[in-house]
Amino acid sequence: TEQAQSPDDALLHVLLNGVTGTAVTYILPENIFKKFNVISDRRTQIAGYLYGVSPLENPQVKEIRCVVLPPQWGTSETVHLPNILPEHEFLKDMEPLGWIHTQLDELPQLSPQDITTHAKIMNDHASWDREKTIIITLIF
């Protein structure tokens, strides 16, 4: 696991277990990371959908360009997202890359709620590539 220090001691964990030379690399710009951290509430989970692009010369790199915050409600244990993905002209040239959410405590693996949410989104929306969509958990 690699850790990147962020504002207010939040950590971004990147799991590297089983990564091969053909793995997809995701780039999360620091300004997006910091903004998501600033708008977060330590007592209530929040989430956003990740959208981005791949450079023409390297389709295995995914540059996250925006986080879309849909209407949602959360508790300290989970966050609930709508069944409909956002549609906007700004997103038309980007691909869905996954979702990001906050969490109070670090877990050794994804929570059952995270796995269920991710599986439901992938099942309901063909635009989500099963091999290339991710979950990022921001831990306080």
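Numbering (the UniProt record's numbering), first residue to last: 1 to 140. Note that beta-carbon positions come from the ideal geometry of N, C-alpha and C, so glycine has one too. Note that the coordinates shown come from a computational prediction; the quantities given were computed from them, not determined experimentally.
- Counting the other Cβ atoms within 10 Å of the Cβ of Trp99 gives 16 or more, which makes it buried.
- The count of Cβ pairs closer than 8 Å, one atom from the stretch 85 to 97 and one from the stretch 29 to 41, stays below three, leaving the stretches out of contact.
- If you ignore the 5 residues before and after Cys66, its C-beta comes within less than 6 Å of the C-beta of Tyr51, all in its own chain and listed in chain order.
- Distance between His101 and Ser54, taken at the CA atoms: about 22 Å.
- Under the DSSP assignment, Lys35 falls in the alpha helix (DSSP H) whose first and last residues are Glu30 to Ile39.
- C-alpha of Val79 to C-alpha of Gln103: approximately 9 Å in a straight line.
- Under the criterion of beta carbons closer than 8 Å, Val61 and Gly48 do not qualify as touching, at roughly 21 Å.
- Taking C-alpha positions only, Ile39 is separated from Ile136 by approximately 16 Å.
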